[in-house]
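Here the structure comes first, spelled out in structure tokens, and everything after it is commentary.
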Amino acid sequence: MPSRDLPTRYGAVAQTFHWLIAALIVTQFTLAYLADDLPLGVHKLALLARHKSFGMTVLMLAILRLLWRLKNPPPSLPAGMTPLERSLARATHIAFYVLLFAMPLTGWLMSSAKNYSVSWFGVFTWPNLIAKNESAFNLLRSTHHLLSYALFAIAVLHVLAALKHHFWDKDPVLLRMLPFVKLDEAKLDAAKSEKRL
Ligand code: HEM
Ligand code: HEM
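Every letter in the sequence shown is one number past the one before it in the numbering used here, and letter 17, counting from 1, is 14.
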């Protein structure tokens, strides 16, 4: 499979970014909710340290992914999609990119405001972004919390949309984001359409 995106399918690099970040997001929710159930102690702090390291990894990958996307336009959307569906797809993807930055940044700022160090798997420590400030901590904590609900809701919508494309519309939108799938020419032709935004 080519590393760059084609007019009809995502390339290997975009797919790798997509699935790696998707797996990390699932990991982030799992670690956060496991930690949430624990009393303050070594075990909880260890889970949160892991959460912070994976979260900062998401930030680094999101920067690389956005740079790659700016140089590599994604494939066109299928011709059969309505203007509303196109706008929804675009809005969802923009919201994802915003949240892939906003979640780690609010987490990092929140930890800085409490003067809790943010290490990257014990390899190095990220600098504090702001000075210790209890009211900033509370605000950032609520923002991180609120944004996680938005991310969760958008992810549910996104997965339902991907399944609708595959099982209802029977177009190649899901298949072209999957590695190791050979798309047949008829489906690729059907997917050729006006340039996406
Ligand atoms: C994509 C990245 C991230 C996602 C999806 C994410 C998601 C979450 C979620 C769902 C929670 C639980 C919220 C709740 O208490 O109900 C949480 C809590 C937390 N996150 Fe993140 N997070 C991310 C990145 C980060 C980063 C980079 C840091 C710090 C550097 C961080 C620090 C924290 C901390 C300290 C808590 C516990 C807050 C508390 O005391 O309740 N997060 N995160
Ligand atoms: C929470 C985890 C996920 C995140 C953050 C995420 C994020 C994204 C983003 C930002 C795009 C746009 C890619 C671009 O053009 O730059 C995208 C595309 C896509 N995602 Fe996800 N995704 C997630 C999970 C999933 C899952 C679980 C599925 C499958 C059920 C999926 C299926 C797709 C498909 C098929 C596309 C291509 C859509 C198109 O061609 O317009 N994603 N995803």
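Where a beta carbon is used, it is the ideal one built from N, C-alpha and C, also for glycine.
**Report entry** Distance CB(residue 75)-CB(residue 168) smaller than 8 Å
**Finding:** Cβ atoms of residue 75 and residue 168: closer than 8 Å.
**Report entry** Residues bridged to residue 115 (per DSSP)
**Finding:** Beta-bridge annotation (DSSP): residue 115 is paired with 123.
Report task. Between the Cα of residue 98 and those of 175, 47, 141, 113, spot the shortest distance and give me the residue it belongs to. Result -> Nearest of 175, 47, 141, 113 to residue 98, Cα basis: 141.
**Report entry** Element boundaries [alpha helix (DSSP H), containing residue 0]
**Finding:** First-last for residue 0: undefined, no H or E at that position.
Query raised in the report: Looking at the unbroken alpha helix (DSSP H) that takes in residue 68, where does it start and where does it end?
Result: 39 to 68
Query raised in the report: With distances taken from CA atoms, which of 170, 38, 51 is nearest residue 119?
Result: 51
Query raised in the report: Is there contact here, the stretch 6 to 14 with the stretch 125 to 145, by at least three beta-carbon pairs under 8 Å?
Result: no
Query raised in the report: Which residues bound the alpha helix (DSSP H) around residue 135?
Result: 131 to 160
Query raised in the report: Buried or exposed: which applies to residue 122, given that a residue is buried once 16 or more other Cβ atoms fall within 10 Å of its Cβ?
Result: Exposed, since its Cβ has fewer than 16 Cβ neighbours within 10 Å.
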